[in-house]
Amino acid sequence: DVKVTQSSRYLVKRTGEKVFLECVQDMDHENMFWYRQDPGLGLRLIYFSYDVKMKEKGDIPEGYSVSREKKERFSLILESASTNQTSMYLCASSAPRRDNEQFFGPGTRLTVL
Amino acid sequence: AQSVTQLGSHVSVSEGALVLLRCNYSSSVPPYLFWYVQYPNQGLQLLLKYTSAATLVKGINGFEAEFKKSETSFHLTKPSAHMSDAAEYFCAVIGGGSQGNLIFGKGTKLSVKP
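Protein chains in written order, with this note's numbering: chain A, 86 to 198; chain B, 32 to 145.
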């Protein structure tokens, strides 16, 4: 069974802390994505990666960075967490063809106090 | 640029009634379209996708969607709602890049009344 796992389901951090969200996929997918989901706004793309050490900005990259040192792992980093980054974060992966579906992890609900 | 619009942030139906969730898209290229479902406290799961083969696409759990180019629509239907269909549904279109970025609608929350 294909699987995308995220390191935490729930996370509480304080303003100014550095936060790491980890995502691992076992499908040998080239593409990996980070989204944030907010009520009434749907999913918005933060960053994506189509190969190891490659990254591209999505629609809302400000305040975030990413790291992809291995094909199966894609990390989202909040350099200095702020309260407006309280959200649900979803990771996804896909094979490189444009019509391929994305497989999603269960999400991490991050609260920044 | 590609975009999707989902009409209605909340839809409520009675158990056994028809489910109709609306999605209109805008795309400068032939679109690839997807419907995803999100159950409470879970990630997204693919219901079905349109990739320019048959215009009527059948998905999991009895859902189907019809691609209508003339109406730029990809509405999701199910003939008879079940309580377990209560979830949030997202329509998405592949963006203009080559790597399969998805552009999502804002979602429609479906409630099913007994």
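Even glycine gets a Cβ: it sits at the ideal position worked out from N, Cα and C.
Values in this document were obtained by computation on a predicted structure and should not be read as measured data.
query: Of all the CB atoms in chain A, is at least one closer than 9 Å to the CB of B:Asn-92?; result: no
query: Considering only residues of the same chain and omitting the five flanking positions on each side of B:Phe-68, which have a CB-CB separation below 6 Å?; result: For the sequence presented, residue 68 of chain B should be read as Val rather than Phe. Closer than 6 Å at the Cβ level, and outside the excluded window around B:Val-68, lie Gln-76, Leu-78, Ala-118 and Tyr-120.
query: Inspect the beta-carbon positions of B:Gln-73 and B:Ser-57 and report whether they are closer than 9 Å.; result: no
query: Looking only at its own chain, which residues have a Cβ that is under 6 Å from the Cβ of A:Ser-152, when we skip the five neighbours before and after it?; result: Ser-160
query: Kindly indicate the opening and closing residues of the beta strand (DSSP E) around B:Ile-91.; result: Run containing B:Ile-91: none; DSSP gives neither H nor E here.
query: Against chain B, does A:Gln-187 count as a neighbour if the rule is that its beta carbon must be under 9 Å from one of theirs?; result: yes
query: Could you tell me whether any Cβ in chain B is nearer than 9 Å to the Cβ of A:Gly-125?; result: yes
query: Along chain A, which residues have their Cβ under 8 Å away from the Cβ of B:Lys-80?; result: Asp-184 and Glu-186
query: Can you list, in chain order, the residues of its chain whose CB lies under 7 Å from that of A:Val-97, leaving out five sequence neighbours each side?; result: Thr-196 and Leu-198
query: Using only the alpha-carbon positions, how far apart do A:Lys-103 and A:Met-173 sit?; result: 17 Å
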